[in-house]
Amino acid sequence: MMHGPIPDQAETASPVAGNTPVALLERALSICNNIIVVFAAIALIAACVVLSYSVIGRAVFHMANYWQDEAAVFLLVGATFMSAAYVQSQRGHIGIEAFVGLLSTRANSVRLWLVDVASFAFCTFFAWKSWTLAHEAYVDGQVSNSMWSPPLAIPYVLMALGMTLLCVQILLQIIVPLTGGARR
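Using my numbering, you'd call the opening residue of the sequence shown number 38 and step up by one each time.
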């Protein structure tokens, strides 16, 4: 992180020594997240290239741009949602830090755990609704309203998959302290 760890993030997490399935899941998700981050970075660069091409094409060559904006949005949606689990694994999502200095280490651990439980509940609902939306879009053959008309199932599946990975990451952060592992 750019500013360094804040007090509740200073502890380094290690795989749970006594719980092999949790440690394996944690390691597999870490590998998956690292791969996804590379592809998300490529998607962001591709979105920049597509949008730059669109601007130059319109300004210099007076070309119509019927696909560029949507392609860039699809890339940005994919990069945003697919990298959410990685950001969560680093505790990089926005959090209120006002209580960190006021509470004891134990109280901060409980606070983080309760926030993880609430986040898991919200993200699980979001993931479930995203999967139903993706299924509807696929079954109904929904496409965007542009001339290009790409299938809407593409961004919906990326959103649903990203939220599912985020749920798994948060679930690990809930389980690890309960099994005696270090908190992230």
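Using N, Cα and C, we set each Cβ at its ideal position, and we do this for glycine too.
Here the structure is a predicted model, which means the values were calculated and not measured.
Over what stretch of residues does the alpha helix (DSSP H) that includes His172 continue unbroken?
Note, His172: alpha helix (DSSP H), 142–177.
Please report the distance separating the alpha-carbon of Tyr90 from that of Val176.
The alpha-carbon of Tyr90 is positioned some 33 Å away from that of Val176.
Give me the residue from Ile82, Leu151, Phe136, Glu107 with the minimum Cα distance to Pro214.
For Pro214, the closest alpha carbon among the candidates Ile82, Leu151, Phe136, Glu107 is that of Leu151.
Start-to-end residues for the alpha helix (DSSP H) that takes in Gly94
Looking at the DSSP string, the run of the alpha helix (DSSP H) that includes Gly94 is 57–98.
Only counting the same chain, and skipping five residues up and downstream in sequence, which positions put a Cβ closer than 7 Å to that of Gln125?
Only Leu203, Gln206, Ile207 meet the Cβ criterion.
For Val86 and Leu195, the rounded distance between their alpha carbons
The C-alpha of Leu195 lies about 21 Å from the C-alpha of Val86.
Looking only at its chain, what residues have a beta carbon closer than 6 Å to the beta carbon of Phe162, apart from the 5 residues adjacent to it on each side?
Result list for Phe162: empty, nothing under 6 Å.
My guess is that Ser120 and Ile191 are in contact by the Cβ rule of under 8 Å, so how many angstroms apart are they, rounded?
At roughly 17 Å, the Cβ-Cβ gap does not stay under 8 Å, so Ser120 and Ile191 are not in contact.
Find out if the Cβ-Cβ distance for the pair Phe118, Pro187 is shorter than 9 Å.
No.
Roughly how many whole angstroms lie between the Cα atoms of Ser103 and Glu63?
Strictly speaking, residue 103 in this sequence is Tyr, with Ser absent from that position. In a straight line, the C-alpha of Tyr103 is about 42 Å away from that of Glu63.
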